[in-house]
Amino acid sequence: MKRINNSVIALSLLLGMANIHAQEKKQLSLDEAVQLGIQNSKNLKIDAAKIEEATADLLEAKNRQLPELKVSGSYMYLPIKPTVDIKLPGVSGAGGPDVHQVAYGSVNLSVPIYSGGRIKYGIQSAKYLVEASKLSTENDKIAIAYNVAQAYNNLFKANQSIKVLEENLTASQKRDETFLKLENNGVIARNDRLKANLQTSNIELQLLDAKNNYNIANINMDLLLGLPDNTEIEVDQNYIDESQDVKAVDYYVNEARENRKDLQALDQQRKAAELGSKAAKAENLPSIAFTGGYVAADIPKFLTVYNAVNVGVGISYNLSNIWKENSSLKQSKAREMQLSATNELLNDNIKLDVNREYQNTDYSKKRIAVFEKSAEQANENYRITKNKYDNGLATMTELLDADAAQISANVGVINAKADAALAYRKLLQTTGTLTIK
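Just so you know, we're using my numbering here: the sequence shown kicks off at 5 and counts up by one.
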């Protein structure tokens, strides 16, 4: 049995060492993590495809202003002799020619001169939609930058919690060793020593929970950044000390109105919709084009035509527009109304978002001061309680309670600072000014 147990322990150690070596460590600053997140974002790949689609629509609109040149030709074999009756004066069509094949070809050129503005409006509208697609992509980049910052923040908090708990676990384990000696010497009761052991076990459970949270946060970061899922990310804690010079809320509201990419994209869509209405109105106007062509035909033993060149001006007008209602114009006007209402709603939501995140930023900064004060009180309380306990003036329960309060307060300070840094970045995201370096 001992040999089996030793073999199992040895195998576990080997597997553990293999996992350690297999897990790659990568140190990343927050800005580096944001860059990786943007480079590997699947959402941005979809956005890139949408920009390509909008650009192709613009190319199609531009092509409409270019000349149309068409070439056609045909050859036909006639297995049965056709009946040809020529009705020209002085020409006899009796019997007709012996025709068995026909070949003809034509070249037609059309150059648009006037189309009521449909081509011009179509090109301008397509340009606005390309710009709207690009602005939407920029807005998505800012959202991704915040999502990465949020995941980075969670990883940092989990890592810091582990460090604090490991320090306290080491101190608690040393305390257990001391209490065991005191118990053996009859200085303290066994019950007091067991209370200290229970406190150590509680810290161990908290540490397991923190490590589990860290592993989940790390996997989430790996997926966001496009890294192998066995990559352990080492965060740079200096980001929580970034200076945050928070201005008045009106400043951020104005910043949002000037910099929000989704608002700018919507403005481009509204301009495109206005041009769409103009293009729809132009459908009731005629189209004029310069035309030209060349025709050649050959019917052996009957007819040969060469150099049949024609030039002129063509006019096209759909008379049914007189009694048909312009459904395209109504659809475009409805689109304009929809985008106008969306613009009003978005402006209201921006104002609400900025005010909410401004309050959250202010609240987060105030929490830091409260937690720091609480930590100072908890640390001092533990020091006093420890002195009292050493002098027999405090119970074991009071000492352990003071120790637990100290742990909670110290972790709270770290979390409060991290949450404040993240809240400020969220405020910048709502204003559209979250920088992507």
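For each residue, glycine too, the CB sits at the ideal point set by N, CA and C.
Since we're looking at a predicted model, the values are computed, not measured.
The C-alpha of E278 is placed about 43 Å away from the C-alpha of Y156. Between N359 and T435, the alpha-carbon positions lie close to 10 Å from each other.
If only uninterrupted alpha helix (DSSP H) runs of at least 4 residues are considered, none is enclosed by the stretch 324 to 372. Of L228, N325, A252, R194, the smallest CA-CA separation from D366 is found for A252. Taking every protein chain shown into account, the CB of G316 has fewer than 16 other CB atoms within 10 angstroms, so this residue is exposed. Per the C-alpha coordinates, the member of Q248, R371, A276, I148 positioned closest to L40 is I148.
Boundaries of the alpha helix (DSSP H) around D405: 400 to 435.
The beta carbon of P304 sits closer than 8 Å to those of V103, H104, Q105, all from its chain and outside the five residues before and after it, given in chain order.
Under DSSP, D302 shares a beta bridge with A107, T308. The alpha-carbon separation between E135 and G77 amounts to approximately 43 Å.
Looking only at P232, E236, Q241, E170, the smallest Cα-Cα distance to E208 is reached by E170. Excluding residues up to 5 positions away in sequence, S76, G77, A300 lie with their Cβ nearer than 7 Å to the Cβ of G109 in the same chain. In the DSSP assignment, S45 falls outside any alpha helix (DSSP H), carrying neither H nor E. Judged by DSSP in its simplified three-state form, V152 adopts helix. Distance from the CA of Q268 to the CA of G230, rounded to the nearest whole angstrom, comes to 30 Å.
With respect to the C-alpha of F294, the residue from D61, Q69, R387, I55 having the closest C-alpha is Q69.
Taking every protein chain shown into account, the CB of T401 has fewer than 16 other CB atoms within 10 angstroms, so this residue is exposed. Judged by their CB atoms, T141 and I55 are nearer to each other than the 8 Å cut-off. CA-CA distance, D233 to S176, rounds to 34 Å. In this structure, the beta-carbon distance from L333 to A276 does not fall below 8 Å.
Annotated three-state conformation of G190 is coil, per DSSP. Membership of G121 in any beta strand (DSSP E) is not indicated, and neither H nor E is assigned to it by DSSP.
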